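Report on the following structure.
Residue numbers (the numbering used here): 51 to 220.
Here it is in structure tokens:
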């Protein structure tokens, strides 16, 4: 019932627009700050997370697999992360603000937020996760008051020309 309301109601579309703008501004400014400074380097953060992983009440590492990923892949390839983190944050924010490919932006925002969360960063992430999940669950309606009003039908009509099931759901 709530998901149907989020996905179909015009009032929900207006509320989702406010949530999108709020979350989008947060992502956009975080990404722009890193991009414009030209000094973003994730290696210090990654080293700190590896040295101080999230631990449970008994002192054991909770997300050992994630620490191993950071140690074995992220840190050796930090140059890739120095590019994709700020660019990703900026593009997520832009997509949410413009309401363009909104569900994709929300999905990738959730992926980045969970990555930071697994590393032990809390900050405003729980709030961002809740808002991002609401936007993702809302689907197309989250971008109805935005560019998705035109972009999504265009994609559906060009990329999925032969798929009649998708056209019936528009």
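We put the beta carbon where it would ideally sit given N, CA and C, even for glycine.
These numbers were taken from a predicted model, which means no experiment stands behind them.
Open item on the list: Are the CB atoms of residue 71 and residue 185 within a distance shorter than 8 Å?
Closed with: No, these two residues do not count as a Cβ contact at 8 Å.
Task: residue 194 versus residue 134 - alpha carbon distance - done: When only Cα atoms are considered, residue 194 and residue 134 end up about 28 Å apart.
Task: Same chain, Cβ closer than 6 Å to residue 181, five either side skipped, listed in chain order - done: Only 69 and 73 meet the Cβ criterion.
- [ ] Could you tell me whether the Cβ atoms of residue 145 and residue 152 are closer together than 8 Å?
- [x] Going by C-beta atoms, residue 145 is nearer than 8 Å to residue 152.
Open item on the list: Contact criterion: CB-CB distance below 8 Å. Does residue 178 meet it with respect to chain D?
Closed with: Looking for chain D here will not work: only one protein chain is present.
Open item on the list: Let's test the definition: count the other Cβ atoms within 10 Å of the Cβ of residue 130 and tell me whether it reaches 16, buried, or not, exposed.
Closed with: With fewer than 16 other Cβ atoms inside 10 Å of its own Cβ, residue 130 counts as exposed.
TODO: Please look up how many angstroms separate the CB atoms of residue 136 and residue 94, rounded, as I've assumed it's under 8 Å.
DONE: Rounded to the nearest angstrom, the Cβ distance from residue 136 to residue 94 is 15 Å, too far for a contact under 8 Å.
TODO: For residue 111, name the three-state secondary structure that DSSP assigns.
DONE: Of the three classes helix, strand and coil, the one that applies to residue 111 here is strand, per DSSP.
Task: the region 102-120 in contact with the region 164-177 per 3-pair CB rule at 8 Å - done: By the C-beta criterion, the region 102-120 is judged to be in contact with the region 164-177, since at least 3 inter-stretch pairs fall below 8 Å.
TODO: Compare the Cα-Cα distances from residue 61 to each of 127, 188, 110 and 203 and report the closest residue.
DONE: Nearest to residue 61 by C-alpha distance, out of 127, 188, 110 and 203, is 188.
TODO: Name, in chain order, the residues that DSSP records as bridge partners for residue 105.
DONE: DSSP, once it has assigned bridges, lists 111 as partnering residue 105.
TODO: Pull up the distance between the alpha-carbon of residue 116 and that of residue 98, whole angstroms please.
DONE: Near 13 Å, if we compare the C-alpha coordinates of residue 98 and residue 116.
Open item on the list: Would residue 142 and residue 124 qualify as a contact pair, given that the criterion is a beta-carbon distance under 8 Å?
Closed with: Contact flag unset, no.
TODO: Less than 8 Å between the CB atoms is what I'm expecting for residue 127 and residue 91, so what's the real figure, rounded?
DONE: That pair is no contact at about 13 Å.
Task: Classification of residue 211 by the beta-carbon crowding that lies within 10 angstroms, buried from 16 upward - done: Under this definition residue 211 is an exposed residue.
- [ ] Measure the alpha-carbon distance for residue 138 versus residue 65 and round it to whole angstroms.
- [x] Cα to Cα, residue 138 sits roughly 25 Å from residue 65.
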